[in-house]
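Residue numbers (our numbering), protein chains in the order written: chain P, 209 to 419; chain D, 209 to 419.
Just so it is clear, CB atoms sit at the ideal spot from N, CA and C, and this is done for glycine as well.
Structure record follows, encoded as structure tokens.
2 protein chains.
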Amino acid sequence: MTMILHCFRESGNAYKAAITLELAAADWRPEFVDFFNGASRTPEYRALNPMGEVPVLVDGDTVLSQSGVIQDYVSEKTGNLGPRDSDERREILRWTLFDNHKVSGIAGPLRFNMNFLPEDRRSEDTNGYLAMRLGSALKVLDGYFADRDWLAADRLTTADLACCGYLYYPEPFTFDRTAYANIDAWLDRIAATPGWKHPYDLMPGSPADRA
Amino acid sequence: MTMILHCFRESGNAYKAAITLELAAADWRPEFVDFFNGASRTPEYRALNPMGEVPVLVDGDTVLSQSGVIQDYVSEKTGNLGPRDSDERREILRWTLFDNHKVSGIAGPLRFNMNFLPEDRRSEDTNGYLAMRLGSALKVLDGYFADRDWLAADRLTTADLACCGYLYYPEPFTFDRTAYANIDAWLDRIAATPGWKHPYDLMPGSPADRA
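Now the structure itself:
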């Protein structure tokens, strides 16, 4: 049965799930959530996900939210991109949590504030604070890649596909690939994986479409 | 062998690991990290944890960071507070990620900014933004408890001990228990667990000690 991913292309959190489904060769299709017009705040969507967040994966009777949970489910179901033992499982979890807390968890809101929030609601203080926190996390990530190709194992795993969730987007959010040589090379490695797609080529709909 | 948790009592992220160890009846002891005087930025500490974060659990040759990874390890090792099947495992992961991203991931920095940052470095804009985001997450949490006692199963699990990480601290961070009746009752349920301890009674050292 084809799995359905409720998503939209501006969401890096949805991208983590979508690119995992795609590179794990899962049978799936995207279903557009019109997030910017309030679709995730409707009662219908809240019934699907009380957290009100995108993405949601539906696989028959199984309904899953949180990108990290969807990544875990897809890697287990397909046997691809997941851990091979307990140590790898914990390493994947470690970087997935680090991403949710400090990389995507900051980059997502910062990119939203800087690009999609009306100008009169933007705060330099707030965005400066988020940029400072994102920079600290990216420095850790860049340092970690000094002598490693991948985050959690000797190959691409869902941990990489979590941490890169927002890092391919072109809109400004204070992340400059040239300032992080190791991250830059790692993003190129991921993008060189057969079947890889940019978020804008993998998921439907975005404010950019309507611009 | 006694496990060692590197921690300090002002850290809600450390508390998640410490209270899991305590309630899972693990053999452990805390080791004080003098975070406020820069101990987590030393080369020695960075060797233990390149992410530079607290907590870190050391169990013989096994060194683990990220509170969610430590919770997972301890529940697996002790057979307590963990999942009984795959569905429960994913529910625990879901709420642990939600916590890291939206509850503790916001409450921790907001509490730090409002209480431990020098006054001249505090930003009303930034703290207002964080308070707004924390409020949204707490509203989701409070709503979820309308017809449930625990987050991820029919009993206390590590998911509850993740989401409550910062919610027992007395310092102001815009969280008022009386405004969230269901969260309030849930925090009382957790605190009624035999052996439960407040973060200030479970872990060593804090700025409050020196005040």
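Against chain D, the beta carbon of G276 of chain P has neighbours under 7 Å at L301, L305, listed in chain order. By the Cβ-count criterion, G313 of chain D is buried, with 16 or more other Cβ atoms from all chains shown falling within 10 Å of its own Cβ. Our two residues, T401 of chain D and E239 of chain D, have alpha carbons roughly 24 Å apart in a direct line. Along the length of the region 295-334 of chain D, whole alpha helix (DSSP H) runs at least 4 residues long occupy 312-323, reported in chain order. The region 271-283 of chain D makes no contact with the region 384-392 of chain P: fewer than 3 CB pairs, one atom from each, lie closer than 8 Å. Cβ neighbours of V264 of chain P within its own chain (closer than 6 Å, five residues either side excluded): H214, L256, N257, S273. Taking 8 Å as the cut-off, the beta carbon of L342 of chain D is found no closer than this to the beta carbon of T286 of chain D. Residue range 251-256 is occupied by the alpha helix (DSSP H) that includes E252 of chain D.
Judged by DSSP in its simplified three-state form, S344 of chain D adopts helix.
For T286 of chain D, there is no enclosing beta strand (DSSP E); the enclosing alpha helix (DSSP H) covers residues 275-286. The beta-carbon distance between S275 of chain D and A225 of chain D, rounded to whole angstroms, is 5 Å. This is short enough to meet the 8 Å contact definition.
At a cut-off of 8 Å between beta carbons, Y352 of chain D contacts chain P. Rounded to whole angstroms, the gap between the alpha carbons of H309 of chain D and A360 of chain D is 17 Å. Where R237 of chain P is concerned, there is no enclosing alpha helix (DSSP H), although the beta strand (DSSP E) around it starts and stops at 236-240. A straight-line Cα-Cα distance of about 14 Å links V266 of chain D and D295 of chain P. Boundaries of the alpha helix (DSSP H) around L395 of chain D: 389-399. Judged by beta-carbon spacing, R319 of chain P lies within the 8 Å limit of E379 of chain P, meaning their Cβ atoms are closer than that value. Following the DSSP letters along the chain, one finds L410 of chain D inside the alpha helix (DSSP H) bounded by residues 407-410. In the structure shown, the three-state DSSP call for C372 of chain P is coil. In summary, D368 of chain D is buried, with 16 or more beta-carbon neighbours lying within 10 Å of its beta-carbon over all protein chains present. Judged by DSSP in its simplified three-state form, T210 of chain D adopts coil rather than helix or strand. Per DSSP, reduced to three states, the secondary structure at D267 of chain D is strand. Within the same chain, and ignoring the five residues on either side of N321 of chain P in sequence, the residues whose Cβ sits closer than 8 Å to its Cβ are R330, S331, T334, N335, L338. Leaving aside the five residues that flank R397 of chain P on each side, the residues in its chain whose CB is nearer than 7 Å to its CB run, in chain order, D357.
Shown here, L229 of chain P sits in a helix according to DSSP, grouped into three states.
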